[in-house]
Amino acid sequence: MTITLMLFGMIGLAVLNVPIAVALGFVAMVAVVFIQGPHMLPNLALEMYDGASSFPLLAIPLFILSGAIMNASSISRRLIAFATSVVGWVRGGLSMVAIGTSVFFAEISGSAVADVAALGTILIPAMKSRGYTKEVAAATMSSAASLAIIIPPSIPMVLYAVMAQTSVVKLFVAGIVPGLIGALAMAGAAYYHAVKYNFPREQAFRLSEVWRTFKEALWAFILPIAILGSIFGGIVTATEGAGMAVLAAIVVGGFIYRDLDFRELKRACIDGGIQTAVVMLLVASSALIGTFLTEAQLPQALGHAITQVTDNKYVVLLLLNIAFLILGMFLHSAAAIILVIPIVMPMVTAVGIDPIHFGLVVTLNLAIGQQTPPVASVLMTACAIAKADIWETTKDNIPYLVALLFVLFLCTYVAWVPMLLVNLFYGG
Amino acid sequence: MNLDRVRAGFERLLEAIVVILVSALTLLVIAGFCFRYSGYALSWYDEVASVGLVWLTYYGSALAALRGAHIGVPGFVNAMPPKARVVATLFAEAVFFIFFVMLAWTGAEVLVVLGNDNLVSLEWMPQRVTASVIPIGAVLIIIAEALRLPKLMRDARGKGFIDTEAIEAMSHGAPDLGAGTEAKR
């Protein structure tokens, strides 16, 4: 009864546009007063302190910062030049360039919004000038950017790993194959658009041009591979790897390419700080609610109720996919992870789903969620850059969404696809 | 005009704190790794970094409050007629202020309870200093929200609120997405 009232209270406050973190905290505060008594209120402050104290989550501001610093230097331009030399000869070459560049940029950035802002400001105007409609340009860049959270590093993966108490390193590894399959599937969708709208080819393929642009972008390839390799090899933790990435980004931008803008660096610190604070406040206040949920054994009760209906993990995965796809349309991806993962994890493990496999499925769902309006941060950013309508763009985004849904269902039901490299590196 | 200047000054102060905290945490993580690999692991590294993240959470939250960046769901309120939206916003703000006033008060109580306790790994550092972030942060968040209140009420009476994700998108260089973006058709 108490839990039901609390859930209604939280939803009611959130609907009235109370920030979700405050809605959770306020409901927990009222519950403490009525259930435990006002003398227990100081525990609230202690839990809000402990809830935000998490060394692994320190990776979030550091990955945001490293991506922003790399972007503040000329990395984006160099990666685009390389991708153009490799895939520019294909029909609809610029769409392929957007996808190809996103694959490489994803190894630097862990946020799809950052990715679409960095690459979209260059590629969307270029696509428009080559005769692409603004809707197709926005849709292509938006969907390509979703690779940023599938291919490591990935901020939603860091958050999931902490909330599900599982290995972020293995989750990073699990993202590699689905990310590459996603890129290929989206290239197929881009080709469909290219034929439908008769988009042009860019430059002819020349090996000398590939080599020249490769050399110019060399550091953008070496550094992420070195840092991710150190994380995968267990030399550094994900948080330390993120710290090294910041250092490396400053060295490359400031001393090798010598084009780092220090105003951008300051802005990156502020953006990273704010985004981290927003997520961490939600993590802290969800810990308050978590205490009540645990006492009421709601996660276990939910798991029990579902397993009474079915203990088939594929049916459970289907239900969770549907739930996350709907949530992704209305909720910020960080909020979806923080609110839902602690509740569903007992059920997920009870039916025998690997937490790493599930983490990848959740990430793919949220990548799609960032593309599906009304709440769709990545799509909105792309549309703002292209000056395109969100709903019109969504129509042209459908082929890409089909491609992403294909990857989601492939990874959901053929578990060895995401788990291939995990099992190879760390054993079955 | 005066309020705008106070707001701008307050924003610059919070920005400076956030930049210092993010820079310090980055240096700490790099130093922690370097010392560990040179055989002189810093025993206090994990604990201090975690404290730093708590500080970033609350000082950063004050800046986020000032910019209206905390994750919310404005779609339903935006769909309301302006008068109902104003009432809903007043209610939501009352909840916001009550929560952070209570957090500031309980946070101050905790400082008394902590007495002379110190950190485990850094024995000379009083926990009263590290935990001071809760009452101080809560007060800063209250001030930030109060400074945002005039704009918030203008938005409530006007076209409604910008979605958090749109604010995040704009912080990454997207052009101004305008009010009620998440429901724009």
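Just so you know, the sequences run in chain order A and D. Residues 82 to 509, numbered by our numbering, are exactly what the first sequence covers, in order. Residues 3 to 187, numbered by our numbering, are exactly what the second sequence covers, in order. Glycine residues also receive a C-beta, built at the ideal position from the N, C-alpha and C atoms. Nothing here was measured: the structure is a model prediction, and the numbers come from that model.
Neighbour list for residue i in chain D, Cβ cutoff strictly below 8 Å
| i | result |
| --- | --- |
| L288(A) | The contacting residues do not exist; L288(A) stays about 35 Å from chain D at best. |
| A95(A) | G74, V75 |
| V184(A) | What V184(A) touches in chain D: nothing, since even the nearest Cβ is about 20 Å away. |
| I232(A) | Correct list: empty, because the minimum Cβ distance to chain D is about 19 Å. |
| F107(A) | V97, I100, F101 |
| V317(A) | F35 |
For residue i, the first and last residue of its enclosing alpha helix (DSSP H)
| i | result |
| --- | --- |
| G41(D) | No alpha helix (DSSP H) contains G41(D), which DSSP labels as neither H nor E. |
| G160(D) | Counting along the chain, G160(D) falls outside any alpha helix (DSSP H), and DSSP gives it neither H nor E. |
| G1(D) | The requested residue 1(D) does not occur in the structure, where chain D is confined to residues 3 to 187. |
| H385(A) | 379–390 |
| L369(A) | 343–376 |
| G440(A) | 436–450 |
| E297(A) | 288–297 |
| I419(A) | 414–431 |
Cβ shell of residue i (< 8 Å), same chain only, five flanking positions each side left out
| i | result |
| --- | --- |
| F253(A) | P233, P234, S235, M238, L309, I312, F313, A319 |
| V8(D) | L149 |
| T83(A) | A112, I116, F373, A377 |
Whole-angstrom C-beta distance between residue j and residue i, which should lie under 8 Å
| i | j | result |
| --- | --- | --- |
| A218(A) | I205(A) | 5 Å |
| M325(A) | I32(D) | 7 Å |
| A146(D) | L58(D) | Actually they do not touch by this definition, with Cβ atoms about 15 Å apart. |
| Y61(D) | L23(D) | 6 Å |
| M361(A) | L138(A) | 7 Å |
| I449(A) | L408(A) | That pair is no contact at about 11 Å. |
| A164(A) | T182(A) | 4 Å |
| L142(D) | A64(D) | 4 Å |
| V364(A) | I419(A) | 6 Å |
Residues that residue i contacts on chain A, provided the C-beta gap is smaller than 8 Å
| i | result |
| --- | --- |
| M104(D) | M110, L122, L125 |
| S52(D) | S134, S135, F136, L139 |
| L27(D) | L139, P142, L143 |
| A94(D) | L94, L97, N98, V99 |
| F163(D) | N98 |
| A90(D) | L97, N98 |
Residue i Cβ short of 8 Å to the ligand ADP heavy atom set
| i | result |
| --- | --- |
| Q356(A) | Questions concerning the ligand ADP fall outside what the structure shown contains, since it holds no ligand whatsoever. |
Helix, strand or coil at residue i according to DSSP, with G and I counted as helix
| i | result |
| --- | --- |
| N529(A) | With chain A represented from 82 up to 509, any question about residue 529(A) goes unanswered, as that position is not in the structure. |
| P233(A) | coil |
| P206(A) | helix |
| P128(D) | strand |
| N279(A) | coil |
| L120(D) | It is Asn, not Leu, that sits at residue 120(D) in the sequence shown. Correct three-state label for N120(D): strand. |
| P137(A) | helix |
| D470(A) | coil |
| P142(A) | helix |
| V495(A) | coil |
| T220(A) | The sequence given here places Ala at residue 220(A); Thr does not occur at that position. Helix. |
| Q246(A) | coil |
| K186(D) | Any reading at K186(D) is ruled out, since the residue's pLDDT is 37, under 50, leaving its predicted position unreliable. |
| E188(A) | coil |
Residues of its chain near residue i, where Cβ-Cβ distance is below 6 Å and the 5 sequence neighbours each way are ignored
| i | result |
| --- | --- |
| A51(D) | L30 |
| I434(A) | K394 |
| S147(A) | A326, V327, A330 |
| A149(A) | A349 |
| V114(A) | none |
| G182(D) | Confidence at G182(D) is low in this model, with a pLDDT of 40, below 50, so the placement of that residue is unreliable and no value is reported for it. |
| G384(A) | P427, M428, A431 |
| T357(A) | I141, P142 |
Neighbouring residues, chain A, relative to residue i (Cβ below 7 Å)
| i | result |
| --- | --- |
| A66(D) | I355, A358, V359 |
| G62(D) | G354, I355, T357, A358 |
| G109(D) | A126 |
| D48(D) | F136 |
| V24(D) | P142, L146, C350, G353, G354 |
| A148(D) | The contacting residues do not exist; A148(D) stays about 15 Å from chain A at best. |
Cross-chain neighbours of residue i in chain A, by beta carbon under 9 Å
| i | result |
| --- | --- |
| I32(D) | E321, G324, M325, V327, L328 |
| G41(D) | Result: empty, since nearest Cβ-Cβ is about 15 Å, beyond 9 Å. |
| A133(D) | A126, L127, Y130 |
Close beta carbons around residue i, own chain, < 7 Å, minus the five adjacent residues each side
| i | result |
| --- | --- |
| T493(A) | L398, N402, V442 |
| W300(A) | V333, I337 |
7 Å Cβ cut-off: residues of chain D touching residue i
| i | result |
| --- | --- |
| A133(A) | L55, V56, T59 |
| I351(A) | E17, V20, V21 |
| M87(A) | The premise fails here: M87(A) is roughly 14 Å from chain D at the closest Cβ pair, so nothing lies under 7 Å. |
| L398(A) | Neighbours of L398(A) on chain D: none; closest Cβ ~26 Å, over 7 Å. |
| M129(A) | L105, I136 |
| L200(A) | The premise fails here: L200(A) is roughly 11 Å from chain D at the closest Cβ pair, so nothing lies under 7 Å. |
| A365(A) | T59 |
Residue i: contacting residues in chain D (beta-carbon distance under 9 Å)
| i | result |
| --- | --- |
| K347(A) | E17, V21 |
C-beta neighbour in chain C for residue i, strict 9 Å
| i | result |
| --- | --- |
| L228(A) | Annotation note: the requested chain C is absent from the structure, which comprises protein chains A and D. |
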